[in-house]
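Written below as structure tokens is the structure these notes are about.
Protein chains: 2
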Amino acid sequence: MRRRTFLTSTVSAGISGSLGASQALAEEWKGRPRSAIPTPALLLDLDAFDGNLRVMAEQCKKTGCGFRPHAKTHKCPEIARRQVAAGALGVCVATVPEAEAMVAAGIRGVLLTSPIMESGKIARMVALAGKEGTVLLALGHARQVERLQDAAAAAKATVDVLVDLDVGDRRTGILPGKPALELARRIQKGKNLRLRGLQAYAGHASHTVGFERRRKVSRQALQPALETRELFAQNKLPAAILSCGSTGTYNIDSELKGVTELQVGSFIFMDVDYRRIGGKSGDVYTDFQPSLTVLTTVVSTTHPDRVSIDAGTKALDTTVPHRGQAKGKPHLSYSPFGDEFGSVTSTKEGKLPAIGERLEFIVPHCDPSANLYDRIYAMRGDRVEGIWPLAARREFHGGT
Amino acid sequence: MRRRTFLTSTVSAGISGSLGASQALAEEWKGRPRSAIPTPALLLDLDAFDGNLRVMAEQCKKTGCGFRPHAKTHKCPEIARRQVAAGALGVCVATVPEAEAMVAAGIRGVLLTSPIMESGKIARMVALAGKEGTVLLALGHARQVERLQDAAAAAKATVDVLVDLDVGDRRTGILPGKPALELARRIQKGKNLRLRGLQAYAGHASHTVGFERRRKVSRQALQPALETRELFAQNKLPAAILSCGSTGTYNIDSELKGVTELQVGSFIFMDVDYRRIGGKSGDVYTDFQPSLTVLTTVVSTTHPDRVSIDAGTKALDTTVPHRGQAKGKPHLSYSPFGDEFGSVTSTKEGKLPAIGERLEFIVPHCDPSANLYDRIYAMRGDRVEGIWPLAARREFHGGT
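Chains A and B, in that order, are what the protein sequence lines are. According to our numbering, the first sequence is numbered sequentially starting from 1. According to our numbering, the second sequence is numbered sequentially starting from 1.
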């Protein structure tokens with residue numbers, strides 16, 4: 001057996017073995033009540049999820065803007081399938097293993113939004129690009145263009161490419177205007193690369209508190225991206241795509257002429273961190289409803305001033321200063337109590353929960369929370385409708 | 001096929017499928033250089049790991065104290081096997097899935113240090129307890145005793161039990177003295193429970209900065225545990241085991257008459273957070289060497305004041321205020337730059353790394369860092385010696 005064949009077959013044996021077990025598990029669990037779920041567990045409220053997806057799809061339909069939701073948020077092929085069914089152009093991903101998992105699940109139009117430099121990873125993306133329209137890569141450095149062209153030529157493949165712009169969040173991408181134009185020309189010269197346009201993610205705009213302020217920050221960030229797109233057109237460089245936007249700016253960026261698609265992520269789940277940014281008509285951002293929660297159990301009640309639950313930093317993320325909010329119990333406050341436990345206190349008027357009682361928390365920050373789990377319990381009301389593997393969480397290896 | 005058989009077989013199909021793939025992967029990778037590893041990746045320096053294990057084993061041999069290392073730290077059956085081979089009594093675990101993974105890997109003497117309340121989980125632990133000496137449970141509440149006794153009676157099993165004491169960290173466990181004695185009597189009355197002793201974890205002592213201060217805090221915390229153990233003896237209640245201690249107090253608690261075993265976790269890996277607590281002879285805790293690192297790649301160098309690497313909050317944990325330290329490059333500072341990226345800056349005298357350059361970071365806090373990965377690259381010098389699945393990270397389900 002040749003090395004590549006051997007590897008592919010063993011890796012898929014592992015994946016399909018897990019999938020078989022996952023399907024059996026999902027069937028086994030279908031229809032069971034919330035009370036049967038072992039904690040800590042990640043739960044998705046399907047009614048809220050469906051509603052969130054509908055709001056985004058309608059906004060995009062109304063404005064004529066596309067959306068390619070970010071799968072780094074959920075890492076879940078089943079959610080990606082539902083996003084595509086709702087009209088999404090495909091999904092964005094942040095890592096090569098995520099791209100592999102999404103393509104394996106039959107998703108096309110997979111945009112890798114993060115730059116990669118390693119030759120092994122570049123070869124894996126080229127392998128995925130085999131069929132036209134399967135993947136797109138965002139590049140922000142001449143060296144990345146060179147490496148991708150070399151790998152694509154070696155594999156006799158053609159790869160779709162966007163120029164990644166840094167429009168102010170200073171994280172990745174090349175500067176707009178002339179530097180971007182020069183990079184686009186390099187891409188255009190690459191015989192195995194096909195320039196498709198631009199990516200301009202304004203991370204600093206997405207969580208700006210207050211709608212009007214957020215609109216201003218986003219407009220300022222995207223102006224140079226729009227100008228660069230025009231510069232490409234003047235220089236006869238293809239720029240069909242301008243991908244940008246976030247959950248915080250979906251109704252700002254989609255209304256901007258020249259933006260062709262949104263790479264929105266958190267809107268399907270929402271979280272405590274996003275709710276505080278405010279919406280068009282209030283201090284709480286209510287365009288989307290919180291659908292992602294962590295179910296927990298009270299496991300110790302020794303002290304009168306607090307109880308301990310079975311969810312610490314391994315169960316509820318600590319990447320933002322905000323903490324999980326107990327659903328339906330605003331008198332309770334959560335704080336992490338080490339890696340395995342959380343501490344729950346109550347206001348003077350409220351009552352502490354009893355031993356064995358279950359509490360459900362809206363997640364502080366959805367992406368890193370989902371990243372802590374292998375599967376999500378998809379709930380319809382109080383019943384389990386499915387158990388969906390977060391398959392893109394795994395570190396697949398292509399063997400290179 | 002009966003439900004239980006069906007479940008067991010499908011779940012093991014998934015596990016063995018993954019294990020088959022893991023073994024193929026490990027063989028494929030054996031001997032490859034560090035430079036071939038796709039980033040971000042979790043690496044273990046085997047020389048440092050072996051040394052750390054040796055220091056602990058020698059301290060325990062010298063003092064006559066046992067050790068049952070905490071597997072919540074690593075979640076890795078291969079590491080557990082090596083710990084047992086070095087003389088450990090078994091391993092501690094923090095969750096039921098961890099217990100299941102360790103027992104499945106052939107480890108005996110698995111102590112579940114966290115209290116559980118859910119009947120499904122209790123039944124899973126009873127199922128593991130089938131053979132004498134396989135698992136022990138720490139209980140801190142009368143309701144837990146009642147539920148475990150009922151489940152063990154229903155399964156016609158006998159389960160080994162410790163009384164979990166709260167000796168000051170206020171997280172789990174019953175108060176020492178009379179309340180503990182009363183709980184022990186309830187356990188003793190349970191026909192299917194076998195009282196084996198006490199657990200007294202002093203989480204507040206483990207990270208106390210300064211050796212002398214730490215010794216004082218730990219001694220104060222353990223005094224009531226020692227007294228409770230004597231109280232048990234006076235009342236003819238079995239108390240062969242007193243399990244306590246941490247990486248920070250291993251050479252304090254092991255020298256205390258009455259402590260029978262240490263539930264040390266972090267010593268095999270170490271981390272930035274533990275190094276700062278200081279040792280017997282200095283401000284840096286050097287009894288154990290940092291063996292756990294995250295390998296990363298520079299993916300963007302657009303700005304002159306910083307570079308971006310492919311390791312954000314999903315790759316290097318943010319549960320402690322301290323950040324990862326670049327190995328061999330003290331002039332560099334890391335800070336998370338969102339979920340997918342990190343920002344690296346340099347002192348004035350130092351130089352920023354170039355695009356594509358690889359940086360390796362000592363993890364901020366080892367337990368939650370390992371929890372972010374599915375596998376660890378076990379390195380001997382610059383070569384991969386093995387790839388070890390962190391199998392206990394997964395959420396196995398027993399179907400109840």
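Note that the Cβ used here is the ideal one computed from N, Cα and C, for glycine as well.
If I follow the unbroken alpha helix (DSSP H) through residue i, where does it start and stop?
{"i": "A/Tyr274", "result": "272-275"}
{"i": "A/Gln149", "result": "142-154"}
{"i": "B/Leu181", "result": "178-189"}
{"i": "B/Ser206", "result": "203-206"}
{"i": "A/Arg214", "result": "211-234"}
{"i": "B/Met125", "result": "119-128"}
{"i": "B/Ala370", "result": "366-370"}
{"i": "B/Asp253", "result": "250-253"}
Looking only at DSSP bridge pairs, what is residue i linked to?
{"i": "B/Pro379", "result": "The residue asked about is misnamed: residue 379 of chain B is Met in this sequence, not Pro. For B/Met379, which the question treats as bridged, DSSP gives the partners B/Asp45, B/Val384."}
{"i": "B/Asp160", "result": "B/Leu136, B/Arg194"}
{"i": "B/Phe67", "result": "B/Leu262"}
{"i": "B/Pro336", "result": "B/Gly342"}
{"i": "A/Gly282", "result": "A/Gly279"}
{"i": "A/Glu360", "result": "A/Leu295"}
{"i": "A/Pro389", "result": "A/Arg375"}
{"i": "B/Ala200", "result": "B/Cys244"}
{"i": "A/Ile174", "result": "A/Leu165"}
{"i": "A/Gln23", "result": "DSSP, once it has assigned bridges, lists no residue as partnering A/Gln23."}
{"i": "B/Ala326", "result": "B/Phe361"}
{"i": "B/Pro33", "result": "B/Arg383"}
Does residue i pass the burial test, meaning 16 or more other C-beta atoms within 10 Å, or should it be called exposed?
{"i": "A/Val209", "result": "exposed"}
{"i": "B/Pro304", "result": "exposed"}
{"i": "A/Ser369", "result": "buried"}
{"i": "B/Gly398", "result": "The pLDDT assigned to B/Gly398 is 45, lower than 50, so where the model puts this residue is not dependable; a value taken from the coordinates is nonetheless given after this. Classification of B/Gly398: buried, given that the 10 Å Cβ count is 16 or more."}
{"i": "A/Leu7", "result": "Residue placement at A/Leu7 is poorly supported in this model, since its pLDDT is 37, which falls under 50; the coordinates are not used for a value here."}
{"i": "B/Lys75", "result": "buried"}
{"i": "B/Val384", "result": "buried"}
{"i": "A/Val96", "result": "buried"}
{"i": "B/Asn235", "result": "exposed"}
{"i": "B/Gly36", "result": "Looking at the sequence itself, residue 36 of chain B is Ala, so the reference to Gly does not match. Classification for B/Ala36: exposed."}
{"i": "B/Pro389", "result": "buried"}
{"i": "B/Glu360", "result": "buried"}
{"i": "A/Ala154", "result": "exposed"}
{"i": "B/Glu261", "result": "buried"}
{"i": "A/Ala101", "result": "buried"}
{"i": "B/Lys121", "result": "buried"}
{"i": "A/Val159", "result": "buried"}
{"i": "B/Val91", "result": "buried"}
{"i": "A/Glu78", "result": "buried"}
{"i": "B/Ala184", "result": "buried"}
{"i": "B/Ser156", "result": "Looking at the sequence itself, residue 156 of chain B is Lys, so the reference to Ser does not match. Classification for B/Lys156: exposed."}
{"i": "B/Asp47", "result": "exposed"}
{"i": "A/Glu118", "result": "buried"}
{"i": "A/Ala233", "result": "exposed"}
{"i": "A/Ala221", "result": "buried"}
{"i": "B/Arg147", "result": "buried"}
In the DSSP assignment, find the beta strand (DSSP E) that holds residue i and state where it starts and stops.
{"i": "A/Thr293", "result": "292-300"}
{"i": "A/Ile309", "result": "307-309"}
{"i": "A/Val110", "result": "110-112"}
Return the Cβ separation of residue i and residue j in integer angstroms, given the expectation that the two are a contact with Cβ distance under 8 Å.
{"i": "A/Gly197", "j": "A/Ala240", "result": "5 Å"}
{"i": "B/Thr428", "j": "A/Phe341", "result": "Here chain B covers residues 1 to 400 and nothing more, so residue 428 of chain B does not appear."}
{"i": "A/Gly140", "j": "B/Thr302", "result": "7 Å"}
{"i": "B/Ala180", "j": "B/Ile187", "result": "In fact, because the Cβ distance is near 10 Å, the residues do not count as touching under 8 Å."}
{"i": "A/Ala71", "j": "A/Ala392", "result": "6 Å"}
{"i": "B/Ala99", "j": "B/Leu112", "result": "5 Å"}
{"i": "B/Pro336", "j": "B/Leu316", "result": "7 Å"}
{"i": "A/Pro224", "j": "A/Gly177", "result": "7 Å"}
{"i": "B/His322", "j": "B/Pro364", "result": "5 Å"}
{"i": "B/Gly248", "j": "B/Ser206", "result": "4 Å"}
{"i": "A/Leu43", "j": "A/Tyr377", "result": "5 Å"}
{"i": "A/Thr296", "j": "A/Pro40", "result": "5 Å"}
Minimum length 4: unbroken alpha helix (DSSP H) runs contained in the segment 67-102 of chain B: 77-85
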